[in-house]
Every structure is written in structure tokens, then in C-alpha cells.
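The numbering of the sequence shown is the numbering used here, which starts it at 22 and goes up by one.
We put the beta carbon where it would ideally sit given N, CA and C, even for glycine.
These numbers were taken from a predicted model, which means no experiment stands behind them.
Before any comments, here is the structure.
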Amino acid sequence: MSDPESESGSGSGLTAVLGVEHPDLALTETAARDRSATIHPVREAGTDAESGHHHFVVRSDSFERFDAALSADPTVAEFDPVTAFDEGRLYRVAYTDRAILFSPEITRANGLALDIENDGTGWTMTVWLPDRDRLARLFAFADAHDVDIDLRRVNDYAGPVEGAVDLTAAQREALLTALDAGYFEEPREATLAAVAAELDISQPAAGGLLRRGMKRLLLATVARDD
Numbered sequence: 022m023s024d025p026e027s028e029s030g031s032g033s034g035l036t037a038v039l040g041v042e043h044p045d046l047a048l049t050e051t052a053a054r055d056r057s058a059t060i061h062p063v064r065e066a067g068t069d070a071e072s073g074h075h076h077f078v079v080r081s082d083s084f085e086r087f088d089a090a091l092s093a094d095p096t097v098a099e100f101d102p103v104t105a106f107d108e109g110r111l112y113r114v115a116y117t118d119r120a121i122l123f124s125p126e127i128t129r130a131n132g133l134a135l136d137i138e139n140d141g142t143g144w145t146m147t148v149w150l151p152d153r154d155r156l157a158r159l160f161a162f163a164d165a166h167d168v169d170i171d172l173r174r175v176n177d178y179a180g181p182v183e184g185a186v187d188l189t190a191a192q193r194e195a196l197l198t199a200l201d202a203g204y205f206e207e208p209r210e211a212t213l214a215a216v217a218a219e220l221d222i223s224q225p226a227a228g229g230l231l232r233r234g235m236k237r238l239l240l241a242t243v244a245r246d247d
């Protein structure tokens, strides 16, 4: 477990990229059972510490498989697919007492979850917090619940981001697979379908990983100074 107190710095706020993992983190088993799924909290509802329900935008190769995964997830008490749109669905989920809820703790620390993305059996969270004492509070919460937590990057909110790009493992694998296959060559030596087949996921899922990975690379490099 990386310790945020070992990072020096000050300012009116900071952003941090955290990797968190525990089998009882909410929806972890669902994400593990449907590896094609991407699960993003609806920010206005997903970090509400007092709400009994949480809302998520979900994309999956098979919503039949995703619903079955939700039904088998010991952290899920009930769920409802509220509406469908494009290739995704909006879900409302209530949790069991077993579920460890990390997002509400961010809210209690006066922080904001900027982005939360499932990564296999873990989660990558980009959060804004007022100061490093509040970041330490998240580590204390994780320690109290035996949650594995890793500080992948932290920077003053107003300053440029230095260090490694906060790609998820799935995004990194997809980008490297596409690069090795010649997907980025001119002319292109591999199709998106070929990259998806190599990753053993659907073509839309592969395209989503590549788009999100390239966006994060751009934000951390050429767009950083802006």
C-alpha cells in the first residue's frame, strides 16, 4: 500500500489517481463476471453518501450476462435497468450490508469522484480532494476495511501533471495490442475487429478501450500545458 503522507506538496486542492481492490467492493464481482462491461457512476447520484440507491451507466457485450452477474453479486441487494440508450443502459442499484462503498467516503472527505472505472477485479478512481489530509483519510478508510489501495498519481489541482499516465490495465493492454498489430500504421495493418479478437472482447468494447486510453494519453501529454 502506497502512503500518501510520503508525497509532499500543498495547494488549494489536488487530484489523485487511486487503484483500489477488494472482493467486497461494490460491484467488483459483477465486473469480474462480465469482463466486457464498463461501469461508470452517474456523478450526481453515484457519490451521494445518504442515498439508498446508486446509479450507473453500463455498456456490455451482453446485458443478459451482466444482469446475471448482478444477480450473483453478493454486494447487490437489488437492481433495476432504468432505461436503455445507444449501446448502454442506466442502472439503479441498492447494496447489501456486505458491500464496501468507497465513493461515499470520497464525499464525506469533501471530495469529488471525477472518474471511476472498473478494471477487472479492481477499480481506478480519479478524485479531487481539498488537501492531503483528506487523501490520508481515504487511505485510513481503506486500511480499516482491508482494501488494497495504491496511489498511482497525485498533483496539485492547478499544476501540470507529471509522471505516468493513469491508464487502466485494460486500456494499456488494448493500446499495446493495437500497436503491435499495426492498427496505428499508415496504411493500417490490422482492423479493429482483429484487435478485438486478439483481446478476446467485442469490437465495440475494444474501440471504447482504445478511445479512452488515447484520450488519457492526450490529456496527460499534448493537452497538459493547456
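Among the options, the one whose alpha carbon lies nearest that of residue i
| i | options | result |
| --- | --- | --- |
| E194 | D171, I222, F84 | I222 |
| A217 | F106, P62, A227, T145 | A227 |
| A190 | L231, L150, E108 | L231 |
| A58 | I170, A157, L159, A90 | A90 |
| H76 | R155, V97, D82, A93 | V97 |
| V79 | D94, E85, G109 | G109 |
| L150 | G143, W144, F160, T142 | F160 |
| G143 | E50, R237, L240, L238 | E50 |
| I127 | A163, D167, P208, R209 | A163 |
| M146 | L135, D169, L240 | L135 |
| G229 | Q192, E85, E207 | Q192 |
Supposed contact pair residue j and residue i - C-beta distance, whole angstroms, cut 8 Å
| i | j | result |
| --- | --- | --- |
| L35 | N131 | Not a contact, Cβ separation roughly 12 Å. |
| H74 | V114 | 7 Å |
| R155 | A93 | The pair is not a contact, with the Cβ atoms about 35 Å apart (cut-off 8 Å). |
| L133 | V148 | 7 Å |
| R202 | A214 | A small correction: the amino acid at residue 202 is Ala; Arg does not occupy that position in the sequence shown. With 8 Å as the limit, A202 and A214 do not qualify as a contact, their Cβ atoms being about 11 Å apart. |
| Y112 | D101 | 7 Å |
| D152 | V41 | Not confirmed; about 20 Å, so no contact. |
Residue environment, residue i, which counts as buried when at least 16 other CB atoms sit within 10 Å
| i | result |
| --- | --- |
| F87 | buried |
| F106 | exposed |
| A66 | Confidence in A66 is poor, its pLDDT being 45 and thus under 50, which makes the residue's placement unreliable; the coordinate value appears in the next sentence. Exposed, since its Cβ has fewer than 16 Cβ neighbours within 10 Å. |
| A37 | buried |
| L39 | buried |
| P95 | exposed |
| S124 | buried |
| S81 | buried |
Residues of its chain near residue i, where Cβ-Cβ distance is below 7 Å and the 5 sequence neighbours each way are ignored
| i | result |
| --- | --- |
| T198 | V216, E219, L220 |
Own chain, CB closer than 6 Å to residue i, minus 5 neighbours either side, in chain order
| i | result |
| --- | --- |
| F205 | none |
| N139 | A52, I60 |
| P62 | F77, I137 |
| H166 | I121 |
| E99 | A115 |
Neighbourhood of residue i by C-beta, 8 Å cutoff - its chain only, sequence neighbours within 5 removed
| i | result |
| --- | --- |
| L188 | L196, G234, R237, L238 |
| Q224 | L213, A214, A217 |
| S83 | D55, S57 |
| R209 | G203 |
Inter-stretch contact at 8 Å, needing at least 3 Cβ pairs: the stretch 106 to 125 / the stretch 40 to 56:
Two segments are said to touch when three or more pairs of C-beta atoms, one from each, lie closer than 8 Å; by this definition the stretch 106 to 125 touches the stretch 40 to 56.
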